[in-house]
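First the structure, in the form of structure tokens, and then the observations on it.
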Amino acid sequence: MNTEDYADVRWDDYSTNAFIPHTASNNPVLTYSSSSNNSFDELDYNGMNQDLYSTADPSTSTSTKYGKTAMLSHNSTNDDNDNDVVENWNYQDHTSYSNNGNTGDHLTPFISPDPTSDYTNNTTTITNTPDASKPMTVLVEDPQKYDANFITYLITTTTTVETFASSNPKPVRRRFQDFVWLYNSLCLEFPACIIPYPPEKHRMRYIKGDRFDKDFIEKRRLGLQWFLNRIARHPLLQASQCTRVFLESGDFKNDKQMQSKRIPSHASVFSVFGDTFSKPFSKVKKPDDRFVMMKEAVGKFEDNLDIVERIYSRIGRRQQDLEQDYREFSNSIRGLSVLEPKVERKLRQFAETMESYAGCISDLTKNEDTTYLNNIHELLTYCRATKDQLQERDQKQVNFEDLSTYLQRLAQDRERLLHPGQHFGGSASLNISDFMADKMGEMKGNNLTQTRRERLTRLQFKLEELEQEVSLANDANNTFSSQMIKEYDVFKKTRTVELKQGLAAYADCHVDFYQKGVDLWTNVLPILESMYVEDDDG
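Taking the numbering used here, the leading residue of the sequence shown gets 208, the next gets one more, and so forth.
Laid out in structure tokens, this is it:
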């Protein structure tokens, strides 16, 4: 390994001290080619690298032994909508890695190109992620049963996102499995993004018999509404072609199949990320304080939501007990009215008021459970999605650290072969192993010089191969890290909006309840007062 090869390379200094070339860029985001002529395995992927701790001028990005400047490739025949997308993005030069034409195999999020666009085969497209989402409103309404098999929901969209054919697409109907397809597609297309989980397919606490129960359908509708709201607030997810197909396609079955061919399969994604999925998660050796703080913040928020959920569950049970007490009191008043013929009508009116008030308590509990408590459940699932993505980012760093350690070990082995008898930072056992191997070779009559030369050749080949793997692992780590910072900002904004909406819905439930209670007691009060007057005259 010649040090001259790395004279102009700045080394990565925050994960390990491994031999990893590191060049400055500005959060590049990579995509696969959308050309229908290529399979995923045939597509060209270039690595990326970004310094998360310094700011560099992207216009001064230079080529190194490991990379070249990658330029955006976009077909000039794209329609006006695609041109608008290009004009609204801030494209910059970035560094990609290549090795004799062999490109790295890793995938990062990108706003999908128009499916009708004709992109050049094996073209790597690089762009920046947008800082903010564009106005987009999605409504999930009017659940209807279809052939007694499943429920479809009417989806109405209003948006200024350029990937859509119209700012007000024609309303479409989708079933629950279609929402699941959207989730799975976004997970494959944007592996570095926090993809919100859709509602659970069957939450037992929601189901009390029939899966077409009105309350269950309403809770699922609200869960699907929150799911689409989170996608609509995300600057990348809202502009995805998968999202566009889901929200505006009139021939969803065929368009869904065509779009699925443009994104990698599960097997392809696993092959891209290598050992990420093939070994159990291990602890990060040098954790980044930023992501540690993110984990702690999400964990504390999740704990607080759990506390709120438990407290509200107790409140809900007490409200149900209070409702039952009012109903029993109403029945007792009805029984008393039979014994008091003179005030029977007024007592019955009072009993009916009590029954109506018990109904108001029941409505309050049901509305709180449907809106506020359901919102808490969905926020908890959003927290879990965020924690899972943070762990995925940690896994990328673990992969990079493990590969870097292995690279250092091989480099030390190489130096020991070049300079036998010297100590290069390895353990004594390694030198003893080399010594014993040499002695065994001498005893067998092997040519020691030739044996070392062969070992050195094999080791040099491993080093070159591992350097590429470490570069790709470093790219994936940097890409996931930079994207995770943006994802956490989206998470915080979404969390704030949904908390406000949930608390507002909770307050509205109570305002409505107390208003109904005031009306009921105001109407019955004159009846009670007149009943007392009759008793005094008697």
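C-beta: ideal position from N, C-alpha, C; glycine also.
DSSP places Y519 in the uninterrupted alpha helix (DSSP H) bounded by 496 to 546. Assignment of D349 by DSSP, reduced to helix, strand and coil, places it in the strand class. Note that the C-beta distance between Q604 and D495 is below 9 Å.
Pairwise C-beta distances place the segment 679 to 692 out of contact with the segment 562 to 573, as fewer than three of them are shorter than 8 Å.
For the pair E516 and I583, the CB atoms are nearer than the 9 Å cut-off. The beta carbons of C716 and Y519 sit no closer together than 9 Å.
Within its own chain, the residues whose Cβ lies closer than 6 Å to the Cβ of D462, once the five positions on either side in sequence are excluded, are V452, S456, listed in chain order. Using a 10 angstroms sphere on the CB of A439, the tally of other CB atoms reaches 16 or more, which defines it as buried. Here L670 is actually not in contact with L624; their C-beta atoms are around 11 Å apart, not less than 8 Å.
Under the 10 Å beta carbon count, F419 is surrounded by fewer than 16 other beta carbons and is classified as exposed.
Beta-bridge analysis with DSSP links M561 to no other residue.
Beta-bridge annotation (DSSP): I362 is paired with V347, V379. Here S489 is exposed. Its C-beta has fewer than 16 other C-beta atoms within 10 Å. DSSP places F357 within a strand segment (E or B) once states are collapsed to three. Restricting attention to alpha helix (DSSP H) runs no shorter than 4 residues, the segment 579 to 625 encloses them at 581 to 625, ordered along the chain.
Ranked by Cα distance from A683, the options N606, W728, V725, D719 are led by N606.
Nearest in C-alpha terms to P376, of all of L454, D385, K408, F434, is L454. Taking 9 Å as the cut-off, the Cβ atoms of N574 and D719 count as close. Put simply, the backbone Cα of L610 is about 58 Å away from that of Q526. Excluding sequence positions up to five before and after Y390, its CB lies within less than 6 Å of the CB of P405, all in the same chain and listed in chain order. About 4 Å separates the beta carbons of E551 and S544, which is inside the 8 Å limit, making them a contact pair. Your pair V345 and T364 checks out as a contact, with CB atoms roughly 5 Å apart and the cut at 8 Å. A Cβ-Cβ contact shorter than 9 Å links I358 with R382. For D620, the CB contacts under 7 Å within the same chain, skipping 5 residues up- and downstream, are L666 in chain order. The C-alpha of V387 is placed about 10 Å away from the C-alpha of L393. Distances from the alpha-carbon of E396 to those of I424, N356, Q445, L431 put Q445 closest. L597 sits away from F434, with the two beta carbons spaced by 9 Å or more. One alpha carbon belongs to L546, the other to A355, and they sit about 51 Å apart. If you draw a straight line from the Cα of R524 to the Cα of G542, it is about 27 Å long. Note that the C-beta distance between K492 and E674 is not below 9 Å. Closest by C-alpha distance to L571, out of A714, M465, F668, E509, is A714. Look at V718 here: in three-state DSSP terms it is helix. By the beta-carbon neighbour count (other beta carbons within 10 angstroms, threshold 16), D595 is exposed. Rounded to whole angstroms, the separation of the alpha carbons of N581 and I734 is 40 Å.
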